[in-house]
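**Student:** Sequential numbering of the sequence shown, starting at 155, is according to the numbering used here. All C-beta atoms, glycine included, are put in the ideal place defined by N, C-alpha and C.
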Amino acid sequence: MTANGASENGTKDNRLRALEVAIEKIEKDHGHGSIMRLGEVSAAMAVETIPTGSLSLDIALGAGGIPRGRITEIFGPEMAGKSTVAMHIIAEAQKLDGLAAYIDVEHAMEPTFAQVIGINIDDLLISQPDTGEQALEIVEALVRSNAIDIVVIDSVAALVPRAEIEGDMGDSLPGLQARLMSQALRKLTAAISRSRTSVIFINQLREKIGVVFGNPETTPGGRALKFYCSVRIDLRRIETLKRNGTVIGNRVRAKIVKNKIAPPFRVAEFDIIFSGPKIGISREGDILDLGAEAEIVKKQGAFYSYKDNKMGQGRENAKEFLRDNPEIASEIEDMIRAEGQPETVPAGTEK
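#1: Bridge partners for residue 409 per DSSP, in chain order?
#2: Suppose you measure from the CA of residue 167 to the CA of residue 379; what does that come to, to the nearest Å?
#3: How is residue 452 classed by DSSP in three states: helix, strand or coil?
#4: What is the DSSP secondary structure of residue 183, counted as helix, strand or coil?
#5: Using the C-alpha atoms, what's the distance from residue 260 back to residue 327?
#6: Evaluate residue 238 with the Cβ neighbour count: other Cβ atoms within 10 Å of its Cβ, from every protein chain shown; 16 or more gives buried, anything less gives exposed.
#7: With H, G and I counted as helix, E and B as strand and the rest as coil, what does DSSP make of residue 397?
#8: Would you identify the three-state DSSP class for residue 465, choosing helix, strand or coil?
#9: Could you pull out every residue in the same chain whose Cβ sits closer than 6 Å to the Cβ of residue 497, ignoring the five residues on either side in sequence?
#10: Taking 8 Å as the cut-off, does the region 220-229 touch the region 263-283 (at least 3 CB pairs, one atom from each stretch)?
#11: Is it a yes or a no for the region 367-378 touching the region 306-318, going by three-plus beta-carbon pairs under 8 Å?
#12: Cutting at 6 Å between CB atoms, please list the residues of its own chain near residue 413, excluding the five before and the five after it.
#13: Count the CB pairs spanning the region 288-300 and the region 336-354 that are closer than 8 Å, and state whether there are at least three.
#14: Look up residue 352 in the DSSP assignment and give the residues it is bridged to.
#15: Could you spell out where the beta strand (DSSP E) holding residue 257 opens and where it closes?
#16: Answer with yes or no whether the minimum CB distance from residue 346 to chain D is below 7 Å.
#17: Can you list, in chain order, the residues of its chain whose CB lies under 7 Å from that of residue 416, leaving out five sequence neighbours each side?
#18: With DSSP collapsed to three states, give me the class of residue 330.
#19: How many angstroms separate the CA atom of residue 499 from the CA atom of residue 303?
#20: Residue 333: buried (16+ other C-beta within 10 angstroms of its C-beta) or exposed?
#21: Along the chain, where does the beta strand (DSSP E) containing residue 227 start, and where does it finish?
#22: If I measure Cβ to Cβ from residue 383 and keep anything under 7 Å in the same chain, skipping five residues before and after, which residues do I get?
#23: Quick check on residue 367: does DSSP put it in helix, strand or coil?
#24: Measuring only the C-alpha atoms, how far is residue 486 from residue 463?
#25: Might you give, ordered along the chain, the residues of its own chain that have their beta carbon closer than 6 Å to the beta carbon of residue 287, omitting 5 neighbours on each side?
#26: Which of helix, strand or coil does DSSP assign to residue 434?
#27: Residue 449 to residue 170, Cα distance in whole Å?
#28: Check whether the region 358-365 and the region 240-254 are in contact - that is, three or more C-beta pairs closer than 8 Å.
#29: Which of the three DSSP states is assigned to residue 357 in this structure?
#30: Using a threshold of 7 Å, state whether the C-beta atoms of residue 395 and residue 236 are closer than that.
#31: Quick check on this structure: which residue in 405, 446, 348 has the alpha carbon closest to the alpha carbon of residue 428?
#32: Give the range of the alpha helix (DSSP H) segment to which residue 281 is assigned.
#33: If you run the structure through DSSP and keep just helix, strand and coil, what is residue 428?
#34: Roughly how many angstroms lie between the CA atoms of residue 381 and residue 422, to the nearest whole one?
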């Protein structure tokens with residue numbers, strides 16, 4: 155070995171010893187696990203998810219649902235199904251024995267509707283805070299308890315700063331809500347990651363004044379939420395569903411405009427039914443559409459079939475066939491998931 159080679163090895167050994175001393179000091183000062191090598195924890199850092207209740211949305215998200223230990227934003231115009239999707243996610247979390255909380259800032263939560271969707275309202279924590287500060291302090295307390303699996307805040311636009319409530323109508327208080335959100339998210343992000351809690355912010359749309367070129371739409375609460383979110387879902391109503399001339403629901407398009415756990419900009423379409431035997435996201439409609447797209451379900455003209463089973467003429471009759479034959483629906487769903495979705499880590503319930 156040359157003198158230069160020996161010198162380089164000696165220098166590297168010295169650097170490694172210095173690094174070990176530094177790591178020991180960091181762990182002594184800040185606790186065990188405050189710093190570690192990525193390879194030692196890569197398996198533990200795999201993203202766990204909670205299903206959304208919509209098969210097509212789970213596939214579009216790329217990981218089987220919304221991530222745990224991260225922040226998700228669901229935004230869109232009125233009547234797009236934002237709260238309905240959030241309630242379905244709560245119902246799915248409860249099926250996995252998870253604990254959920256709903257921060258009803260808009261004071262518009264309907265327990266009967268939540269129950270019909272599948273939420274166990276006896277186990278659901280609900281808060282109707284008076285101010286934005288109170289709402290976010292409640293969220294922080296729940297997250298830091300390490301006992302909650304999912305928290306939904308409905309909605310960001312209704313998070314009114316205390317100063318605005320105590321002021322008079324017409325007072326100009328620019329930037330108060332944005333500052334409140336920015337401060338809260340700085341405090342919450344690390345705690346959310348440690349507790350593996352899924353935090354969902356529902357948000358509305360506003361329009362910028364004077365925008366001639368480009369999209370004038372924006373969301374309330376400033377820019378901080380856009381940065382801190384791992385997933386942002388843009389929900390839009392694209393079609394009104396009717397049966398015998400009566401409106402029974404909406405067809406909704408969900409675009410994943412930001413995704414840190416899988417490729418973004420995927421699109422999902424699904425039905426939200428609010429009149430009929432089964433209210434909420436139409437599982438059968440999802441299975442039928444994705445099954446036909448993957449050619450698991452055969453479609454000839456208006457007729458649907460699966461293997462030797464004739465499902466009926468027209469989409470509604472085929473959906474009814476799947477409702478009446480849940481074992482066939484589950485079989486098709488499993489095939490769609492196996493074909494259209496990568497292997498994922500199921501959401502656990504231990505804290």
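**Tutor:** Judging by the given coordinates:
#1: For the purposes of this step, residue 409 is identified with residue 255 of the sequence shown, where counting begins at 1. Partner(s): 388, 421.
#2: Residue 167 sits at position 13 when you count from the first residue of the sequence shown. Residue 379 sits at position 225 when you count from the first residue of the sequence shown. Each residue's alpha carbon lies about 44 Å from the other.
#3: By 1-based counting over the sequence shown, the position of residue 452 is 298. DSSP places residue 452 in strand when its eight states are reduced to three.
#4: Position 29 of the sequence shown, counted from the first residue, corresponds to residue 183. Of the three classes helix, strand and coil, the one that applies to residue 183 here is helix, per DSSP.
#5: Taking the first residue of the sequence shown as position 1, residue 327 is located at position 173. Taking the first residue of the sequence shown as position 1, residue 260 is located at position 106. Taking the straight line from one Cα to the other gives about 21 Å.
#6: As a working mapping, residue 238 is identified with position 84 in the sequence shown. Answer is buried; the Cβ neighbour count reaches 16.
#7: Here residue 397 is taken as the residue at index 243 of the sequence shown, counted from 1. It is a strand residue.
#8: Reading the sequence shown from its first residue, position 311 is the one you call residue 465. Of the three classes helix, strand and coil, the one that applies to residue 465 here is strand, per DSSP.
#9: If you number the sequence shown from 1, residue 497 lands on position 343. With a pLDDT of only 44 at residue 497, under 50, the local geometry of the prediction cannot be trusted, and the value read off the model is given with reservation. There are no such residues.
#10: no
#11: yes
#12: Counting from 1 along the sequence shown, the entry for residue 413 is found at position 259. So the qualifying residues of the chain are 385.
#13: yes
#14: Counting from 1 along the sequence shown, the entry for residue 352 is found at position 198. Residue 352 pairs with 304.
#15: For the purposes of this step, residue 257 is taken as the residue at position 103 of the sequence shown. Unbroken beta strand (DSSP E) run through residue 257: 254-258.
#16: Protein chains in the displayed structure number just one, and chain D is not present.
#17: The count along the sequence shown starts at 1 and reaches residue 416 at position 262. Result list for residue 416: 215, 216, 217, in chain order.
#18: Sequence index remark: in the sequence shown, residue 330 carries index 176 (1-based). Residue 330: helix per DSSP, three-state reduction.
#19: Locating residue 499 in the sequence shown gives position 345, where the first residue counts as 1. Locating residue 303 in the sequence shown gives position 149, where the first residue counts as 1. Confidence at residue 499 is low in this model, with a pLDDT of 45, below 50, so its placement is unreliable and the value that follows should be read with caution. If I take the Cα positions, the gap works out to 15 Å.
#20: As a first step, residue 333 is located in the sequence shown; it is residue number 179 there, counting from the start. Burial call: exposed.
#21: On the sequence shown, residue 227 is found 73 positions in, with the first residue counted as 1. It spans 225-229 - the beta strand (DSSP E) in which residue 227 sits, taken as one unbroken run.
#22: In the sequence shown, residue 383 corresponds to position 229, counting from 1. Hits under 7 Å: 225, 226, 227, 412.
#23: Sequence index remark: in the sequence shown, residue 367 carries index 213 (1-based). Coil.
#24: By one-based count along the sequence shown, residue 486 stands at place 332. By one-based count along the sequence shown, residue 463 stands at place 309. Each residue's alpha carbon lies about 12 Å from the other.
#25: Within the sequence shown, numbered from 1, the residue matching residue 287 stands at position 133. Same-chain partners within the cutoff: 316.
#26: One-based indexing of the sequence shown puts residue 434 at position 280. It is a strand residue.
#27: As a first step, residue 449 is located in the sequence shown; it is residue number 295 there, counting from the start. As a first step, residue 170 is located in the sequence shown; it is residue number 16 there, counting from the start. Going by the C-alpha atoms only, they are around 57 Å apart.
#28: no
#29: Walking along the sequence shown from the start, residue 357 turns up at place 203. Strand, per DSSP.
#30: For the purposes of this step, residue 395 is identified with residue 241 of the sequence shown, where counting begins at 1. For the purposes of this step, residue 236 is identified with residue 82 of the sequence shown, where counting begins at 1. No, the Cβ-Cβ distance between residue 395 and residue 236 is not below 7 Å.
#31: Translated into the one-based positions of the sequence shown, residue 428 becomes position 274. The residue with the shortest Cα to Cα distance from residue 428 is 405.
#32: Counting from one through the sequence shown, the residue named residue 281 turns up at place 127. Counting along the chain, residue 281 falls outside any alpha helix (DSSP H), though it belongs to the beta strand (DSSP E) covering 279-281.
#33: Walking along the sequence shown from the start, residue 428 turns up at place 274. Of the three classes helix, strand and coil, the one that applies to residue 428 here is coil, per DSSP.
#34: Walking along the sequence shown from the start, residue 381 turns up at place 227. Walking along the sequence shown from the start, residue 422 turns up at place 268. Approximately 23 Å, taken between the alpha carbons.
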